[in-house]
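**Q**
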């Protein structure tokens, strides 16, 4: 009875490539007449199989870490940049609600990325479906979303104003870099049209750069058509007026942070660089269109935030970009991760708060 | 060493009895030696009916060369120890 149980344990413990050793052990057990000796031998064999199993698991984990190093580094970079953002909000005297929103977004982003990466299969149909759903949400935002100064970029979900493009557009870009078929191309075209309709120069630029990279690295009828359409929509956003004023802790912070202190400004720039530097750690021969698209998406957003009044991703106030960053990690692995109304009263409004556009002042909502 | 001196291939349990090495150490060692092409293993039909075939092990040519060189090294070191005189 005990012998049988140990035999089964030995066979179960041994990894596939060591199964013949487990069979050899059980065969040896069969020839040992003395039951006590057989059990002692079997226990030794169990230890040997544990050794095989540990050896195998360590090797497998090691190879997985090497294979997923870009995703792991990107994930770490996101967490580090998010933490830098929290530190910046703290030292620059941002209201507690902003710090809590960003902190909550980091947690949600991490949980979303981890759970979706574990559960969602990155098959072509799943990637295509997500690109299409994302594109139609962006289109819906451009039509039915909340508008400020002619810019219709937000959806009101509960007490939160969500900038859908910051959440979904990097994901759509990654989806297109992964799968280029008629439907993902249609998703890119719908998303580009939505960016022109909202209008949003920074996000349109991001999509244009990402799709242009896909077009250059994987030239084809679909990718080139998508790149041309994105060029047109980006050009359209440049022609349309953009009257949105800069929002404290969101826009222009890459420069205004230096007013708080030299190290604060440098810290924010370092946080931004963190978002794009994981690609450096991928050997050139192993880099794919996905790596370039992901890095360029965030580089474009940082450049836009440095040039104009556009949200500074991750390091600035804004949960949408944080969630968008972590969400875009889920399909990254190549085939071969407001302020309340009355805050003025509660936390003491600053001059910067007074200059906030209507959205950020609309009670009782958070613009994230 | 047990395999080097053995007139024919040995079973795992026999190696264990000759060397006194416990199976928890012996089998990983044998597996590693086989990975390095120092050891050859094959299945041998059981002499008694109803029993499963057993694994037998023998040294490959490379394994034999390595075992001999290790044996020579051991002899050299023990000779040196015997010749060494206390000052």
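Residue numbers (the working numbering), protein chains in the order written: chain A, -13 to 354; chain B, 17 to 103. For every residue, glycine included, the Cβ atom is placed at its ideal position computed from N, Cα and C.
(1) My guess is that residue 131(A) and residue 311(A) are in contact by the Cβ rule of under 8 Å, so how many angstroms apart are they, rounded?
(2) Do you know how far the Cα of residue 117(A) is from the Cα of residue 62(A)?
(3) Please list the residues of the region 2 to 28 of chain A that have a C-beta atom closer than 8 Å to any C-beta atom in chain B, keeping them in chain order.
(4) Considering only the beta carbon of each residue, do residue 70(B) and residue 78(B) sit closer than 8 Å?
(5) Specify the secondary structure class of residue 187(A) as computed by DSSP and reduced to three states.
(6) Would you be able to state if there are at least three C-beta pairs under 8 Å between the region 284 to 303 of chain A and the region 187 to 198 of chain A?
(7) Can you tell me whether residue 140(A) is buried or exposed, with buried defined as 16 or more other CB within 10 angstroms of its CB?
(8) Could I get the ranges of all uninterrupted alpha helix (DSSP H) runs contained in the region 56 to 125 of chain A, with 4 residues as the minimum, in chain order?
(9) Give me the Cα-Cα distance between residue 67(A) and residue 296(A), rounded to the nearest whole angstrom.
(10) Excluding sequence positions up to five away, which residues of its chain have a Cβ less than 6 Å from the Cβ of residue 216(A)?
(11) Of the residues 303(A), 110(A) and 11(A), which one's Cα is nearest the Cα of residue 72(A)?
(12) Going by the beta-carbon positions, is the gap between residue 68(B) and residue 34(A) smaller than 8 Å?
(13) Would you identify the three-state DSSP class for residue 317(A), choosing helix, strand or coil?
(14) Comparing C-alpha positions only, which one of 269(A), 180(A) and -4(A) sits nearest to residue 218(A)?
(15) With residue 230(A) as the anchor, note down where its alpha helix (DSSP H) starts and where it stops.
(16) DSSP beta-bridge partners for residue 26(B)?
(17) Alpha carbon to alpha carbon, how far is residue 79(A) from residue 325(A)? Give it in angstroms, no decimals.
(18) Between residue 199(A) and residue -6(A), what straight-line distance do the alpha-carbon atoms span, to the nearest angstrom?
(19) What whole-angstrom Cβ distance do residue 315(A) and residue 60(A) have, given they're in contact under 8 Å?
(20) Among 300(A), 239(A) and 204(A), which residue has its Cα nearest to the Cα of residue 167(A)?
(21) Count the CB pairs spanning the region 218 to 228 of chain A and the region 248 to 257 of chain A that are closer than 8 Å, and state whether there are at least three.
(22) Comparing the C-beta of residue 31(A) with each C-beta of chain B, is any distance below 8 Å?
(23) On a CA-only basis, which of 189(A), 270(A) and 3(A) is nearest residue 43(A)? Give me that one, please.
(24) Mind checking who residue 67(B) pairs with in its DSSP beta bridge?
(25) 8 Å is my cut-off, CB to CB: does residue 38(A) come that close to chain B?
(26) Considering only residues of the region 202 to 282 of chain A, which uninterrupted alpha helix (DSSP H) runs meet the minimum length of 4 residues and lie entirely inside it, listed in chain order?
(27) Using a Cβ-Cβ cut-off of less than 7 Å, list which residues of the region 42 to 67 of chain B approach chain A; keep chain order.
(28) In whole angstroms, give me the CA-to-CA distance for residue 94(B) and residue 5(A).
(29) Which one of 173(A), 75(A) and 232(A) has the shortest CA to CA distance from residue 135(A)?
**A** This is what the structure gives:
(1) Their Cβ separation, rounded to whole angstroms, is 21 Å, which puts residue 131(A) and residue 311(A) out of contact at 8 Å.
(2) 25 Å
(3) 4, 6, 7, 9, 10, 11, 12, 13, 14, 16, 17, 18 and 27
(4) no
(5) helix
(6) yes
(7) buried
(8) 82 to 105
(9) 18 Å
(10) 178, 193, 194 and 197
(11) 303(A)
(12) no
(13) coil
(14) 180(A)
(15) No alpha helix (DSSP H) holds residue 230(A); DSSP gives it neither H nor E.
(16) 73(B)
(17) Summary for residue 325(A): the model assigns pLDDT 32, below 50, so the residue's position carries little reliability; its value from the coordinates is reported in the next sentence. Straight-line Cα distance between these residues: approximately 13 Å.
(18) 54 Å
(19) 6 Å
(20) 204(A)
(21) no
(22) yes
(23) 3(A)
(24) None, per the DSSP bridge assignment.
(25) yes
(26) 207 to 225, 239 to 246 and 248 to 262
(27) 43, 44, 47 and 67
(28) 40 Å
(29) 232(A)
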